[in-house]
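Under the working numbering, residue 512 is the last one in the sequence shown; the count climbs by one each step, no gaps.
Each residue gets a CB set at the ideal place from its N, CA and C atoms; glycine is no exception.
Only a predicted model underlies this, so the values are computations on that prediction, with no experimental measurement involved.
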Amino acid sequence: MGDFDVTNIPVITGRGDLIVKTQDITGKIQTITIPYYASPSLLHEGLSNFSYEAGFQRQDFAIYSNDYKYLVLNTDYMLGMNDYLTSGGRFEFLKNNGAVRVTNNLKIGNFGIIGISAASNIKNFGRSQRINCGYTYESEYFDINSNLDWNNSNYQDVYNYPDKTFSSLNYQISASCGNTDFGNISVNFLSFVVNNTIQQGKRTNIISSTYQRNITKKGFLSFTIGTDLNSKRKNNFAYMSFNFNLDGNKSISFTDSYQNKYHTKQLGISSPVTSNMGWGYNANIIKAKATNYNVQLNRNGKNNDIGVYLQKNDIETMKQFNIKGGIVSIDKSYYVTRPITGGLALIKVNSLKNVGVYNNNLLAGYTDDKGKMLVPNVTPYVPSEIRLDDENLPLNTEFEEIALKVAPKTKSAVLLDFNVNIIKSVEMTMFDSNKHFISFDSTVNIEGLDEEIFVGYDGKVYINDIKDLEVLNGSICDENEENNRCCHFSVPVNRDLNDPVIDLGEAICK
């Protein structure tokens, strides 16, 4: 048995086994089990992943909307060194502050991933460090995750400038186990310090446990309890939630929570908009010290998005109605469309109307009287498939492709012409002068047409496109006959008929 490749393997994360069964010519079956460990933090040898970003830091967040200052630059680069090690780095810069980081992710056989990162400010290099260590293991029945983060008092977090990041040790560890029959139980411990620019905060140690299980085919139960070990009497919490999925992408949820002596119950029902267009709603009733609610109704249409919002909290009741849309000028035409957040694609399908257009298998709409349609919010920079619904295309059309790939820039448009041609197809039954069917496979030549045409069984002749001809003048030659005998015919065409294939009836070739 030689080498072979296994393709189209589904996305896998964690520990697993690849089982290969081979059978020789005698019928003997051999089973080979190959253990593996896969992780998105690892790259294949020689494969790289990188990004470059630039922007401006927002000032007075949640106070002012458009107050930006200080240019921000960062770049990331990761490279697969071999099947076990992926290494890389990161550079950050803001005003006169910068930082560099080195990261290494190491696979320990089939027993998980160790990640180690070390960072330092460019200023005070060597005296302002930050270190992060982590370990992750995932398998079918058991997962474990741990993380430790530390920085010294000189380290300045670039993105929090000018706020100061104080020295502290934060760490977290969690473990879970379970299966589909008994559910999943997890335990998590988190220790951290909330720091600010004035003083260093107190340490918080939270331990919690969660149990999750599918109690029916459509019902899911989750229960969580926890406490702050440094303040057991004040900071205790418990959550219980139940979710039930109904038909048609509808769901009902119930949540009962207790935290710091406050008891809250919430009942919700939702049906989100599952495609580019349609109706959706979400409603919640919250019972705490008072009864509050929020209701949201959405409609995504071809030309606009409409939303109705009702909300009542302890202080006030709010009502809101929104209608959003856009106007686009392209290809000497104007289009009213939904809010534009991505790219645009103008679809041209000759002059055929009511042809369905799909964006990545989601119905985007139908072509207008001019055979055009503007597809809004195509994913920018990433290839998307724009496809025509071939069931909406008439039989008298000819095209090369019904699906094209497009990757527009953000809020820019591309033109996709599917080059769909409308053709005039005809069929007729040919007889000779003795009222006998013309011989099968005889060659048909028609003046003005380059199409290669042959006679079918029972004298049937099909012509894919007669173009602009109003009379079919031609000849039929039987190469099997002695001297390649030919006859001639002239058949008028009624072009007023709108049938996909015009039946010209019977014709005599003399």
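Would you kindly work out how many angstroms separate the C-alpha atoms of residue i and residue j, rounded to a whole number?
i: residue 83; j: residue 209; result: 38 angstroms
i: residue 424; j: residue 398; result: 6 angstroms
i: residue 417; j: residue 71; result: 37 angstroms
i: residue 99; j: residue 123; result: 7 angstroms
i: residue 406; j: residue 356; result: 19 angstroms
i: residue 54; j: residue 119; result: 20 angstroms
i: residue 373; j: residue 495; result: 27 angstroms
i: residue 386; j: residue 411; result: 12 angstroms
i: residue 350; j: residue 396; result: 15 angstroms
i: residue 380; j: residue 281; result: 20 angstroms
i: residue 404; j: residue 509; result: 36 angstroms
i: residue 298; j: residue 274; result: 10 angstroms
i: residue 1; j: residue 276; result: Past the boundaries of the shown model lies residue 1; the chain is included only from 3 to 512, so the question cannot be answered.
i: residue 360; j: residue 353; result: 18 angstroms
i: residue 389; j: residue 335; result: 22 angstroms
i: residue 513; j: residue 238; result: In the structure as shown, the chain starts at 3 and stops at 512, and residue 513 therefore has no counterpart that could be examined.
i: residue 408; j: residue 81; result: 29 angstroms
i: residue 472; j: residue 369; result: 30 angstroms
i: residue 302; j: residue 378; result: 12 angstroms
i: residue 160; j: residue 69; result: 18 angstroms
i: residue 343; j: residue 222; result: 34 angstroms
i: residue 289; j: residue 244; result: 16 angstroms
i: residue 413; j: residue 85; result: 40 angstroms
i: residue 505; j: residue 463; result: 10 angstroms
i: residue 74; j: residue 106; result: 25 angstroms
i: residue 466; j: residue 76; result: 59 angstroms
i: residue 437; j: residue 448; result: 21 angstroms
i: residue 255; j: residue 121; result: 44 angstroms
i: residue 421; j: residue 375; result: 14 angstroms
i: residue 500; j: residue 427; result: 11 angstroms
i: residue 391; j: residue 358; result: 5 angstroms
i: residue 439; j: residue 497; result: 26 angstroms
i: residue 247; j: residue 66; result: 41 angstroms
i: residue 490; j: residue 460; result: 18 angstroms
What are the residues that DSSP puts in a beta bridge with residue i?
i: residue 28; result: Partner(s): none; residue 28 has no beta bridge.
i: residue 153; result: 132, 170
i: residue 300; result: 282, 309
i: residue 138; result: 115, 147
i: residue 40; result: 16
i: residue 241; result: 226, 259
i: residue 46; result: Note: residue 46 sits in no beta bridge, so no partner.
i: residue 289; result: 267, 293
i: residue 214; result: 186, 224
i: residue 60; result: 70
Which of helix, strand or coil does DSSP assign to residue i?
i: residue 460; result: helix
i: residue 392; result: helix
i: residue 162; result: helix
i: residue 533; result: Residue coverage of the chain in this structure runs from 3 to 512, which leaves residue 533 outside it and unanswerable.
i: residue 51; result: strand
i: residue 232; result: coil
i: residue 344; result: coil
i: residue 371; result: coil
i: residue 496; result: coil
i: residue 203; result: coil
i: residue 363; result: coil
i: residue 249; result: helix
i: residue 414; result: coil
i: residue 505; result: strand
i: residue 382; result: coil
i: residue 127; result: coil
i: residue 377; result: strand
i: residue 401; result: coil
Rounded to the nearest angstrom, how far is the Cβ of residue i from that of residue j, given a contact under 8 angstroms?
i: residue 137; j: residue 148; result: 5 angstroms
i: residue 19; j: residue 36; result: 7 angstroms
i: residue 278; j: residue 236; result: With a Cβ gap of about 48 angstroms, residue 278 and residue 236 do not count as contacting.
i: residue 96; j: residue 163; result: 5 angstroms
i: residue 178; j: residue 151; result: Contact flag wrong, Cβ pair sits at about 21 angstroms.
i: residue 478; j: residue 432; result: 7 angstroms
i: residue 180; j: residue 172; result: With 8 angstroms as the limit, residue 180 and residue 172 do not qualify as a contact, their Cβ atoms being about 27 angstroms apart.
i: residue 44; j: residue 109; result: 6 angstroms
i: residue 338; j: residue 327; result: 6 angstroms
i: residue 295; j: residue 314; result: 5 angstroms
i: residue 102; j: residue 93; result: 6 angstroms
i: residue 17; j: residue 112; result: 6 angstroms
Does residue i have its Cβ less than 9 angstroms from a Cβ in chain C?
i: residue 76; result: The structure shown has no chain C; it contains just one protein chain.
Next on the checklist: List, from N- to C-terminal side, the alpha helix (DSSP H) runs of 4 residues or more that fit wholly inside the region 67-105.
Outcome noted: The qualifying runs do not exist here; there are none.
Item to check | beta strand (DSSP E) segments (min. 3 residues) lying fully within the region 417-476 | outcome: As far as the region 417-476 is concerned, its whole beta strand (DSSP E) runs of at least 3 residues are 427-433, 445-448, 462-465.
Item to check | Length at least 3, wholly inside the region 315-343: the beta strand (DSSP E) runs in chain order | outcome: The qualifying runs are 319-326, 328-332, 335-339.
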